[in-house]
Structures are given as C-alpha cells and as structure tokens.
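Sequential numbering of the sequence shown, starting at 6, is according to the numbering used here.
Here a beta-carbon is modelled for each residue, glycine too, at the ideal position from N, C-alpha and C.
Owing to the predicted nature of the structure, the values given are computational and were not obtained by experimental measurement.
Here's the structure, in structure tokens; my notes come after.
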Amino acid sequence: MAPRTATKSAAKAPDDQPFEFDLNAVESEVDLAPFRFLWKTADNPNRRFTMHHLAGLNVWDLMEAAEQGDMGATVGIFKAAMSDDDWKAFRGSAVAQYKMTALFKAYRKHCGTAEGESPASSDS
Numbered sequence: 006m007a008p009r010t011a012t013k014s015a016a017k018a019p020d021d022q023p024f025e026f027d028l029n030a031v032e033s034e035v036d037l038a039p040f041r042f043l044w045k046t047a048d049n050p051n052r053r054f055t056m057h058h059l060a061g062l063n064v065w066d067l068m069e070a071a072e073q074g075d076m077g078a079t080v081g082i083f084k085a086a087m088s089d090d091d092w093k094a095f096r097g098s099a100v101a102q103y104k105m106t107a108l109f110k111a112y113r114k115h116c117g118t119a120e121g122e123s124p125a126s127s128d129s
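Following this line, the structure appears as structure tokens:
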C-alpha cells in the first residue's frame, strides 16, 4: 500500500475550532513611549535619535541577536529599536564604550528593565 500524503485542502484545519488563547487581543501593560537621545554625527552636532520601547520590539530579532552573546544582544537591541536611518547614522559614528554603557543604562531605565533582565522575562 502506498503511503498517504495530506493534500492542501485536507492539511488546513477549519477556522471554526475553539482556541485557548487570542494573542491578537493582548495589549501592553506598560506605556510604550519611545526613548529619545541626542548624539553628534558628521552632519549634525545634536542629532536626535529615537528608540522604540524595549517591550515593543520584535522578539525574533532580539532572540537572533542574543545568539551572538551579550554584546551581540546589546547591538541587536539598538538595531531593532531604531529606524533604519537612525541605525545607519548611529552605527556610522564613533561611540566610546563608557558612553554606550550610559546610553544603554538610560534606555533600560526608561523601559523599566533592570540590569541583566531579559526583555522577554516575566514579572513572576
């Protein structure tokens, strides 16, 4: 007897089945206000940069970056939080480590995330 394979129509479950959780209905429990800071670039000594709130970032981008270790995770957070234009301008400027540390600390404080706490960690 030949093995049976599912067809497209048979493989797709009907949408009238019950579900246990509606992820579409989940709302943020924190204010997702963006974080803004000033930094000098080649063309602007006081360029304003905007970073989206940590809780609202795409978790897949963050997990991918975390695979690169602590430094990769930090860079991944900045890249995910900024627009492409802001990231390109920020990444294209020299930033001393002590300044980056202070910036990341201020960003975490704005987002209500304690040092060492993962963006995906729960309150429990």
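Neighbourhood of residue i by C-beta distance below 8 Å, restricted to the same chain and skipping five residues each side
| i | result |
| --- | --- |
| K114 | none |
| L62 | I82, A85, A86 and P124 |
Alpha-carbon spacing of residue i relative to residue j, whole angstroms
| i | j | result |
| --- | --- | --- |
| V64 | Q73 | 15 Å |
| T79 | R41 | 17 Å |
| D27 | D36 | 21 Å |
| N29 | A47 | 42 Å |
| M76 | Q22 | 44 Å |
| T55 | A101 | 19 Å |
| F109 | P39 | 14 Å |
| N49 | D20 | 53 Å |
Residue i (DSSP reduced to helix, strand or coil)
| i | result |
| --- | --- |
| T118 | coil |
| L43 | strand |
| M87 | coil |
| D20 | coil |
| F95 | helix |
| F26 | coil |
8 Å Cβ cutoff met for residue i and residue j
| i | j | result |
| --- | --- | --- |
| R53 | A94 | no |
| W44 | S88 | no |
| L59 | T118 | yes |
Closer than 7 Å: residue i CB and nearest the ligand GTP heavy atom
| i | result |
| --- | --- |
| N51 | As presented, the structure is devoid of all ligands, the ligand GTP included, so that no description of it is given. |
Same chain, Cβ closer than 7 Å to residue i, neighbours up to 5 away in sequence not counted
| i | result |
| --- | --- |
| H57 | P39 and A86 |
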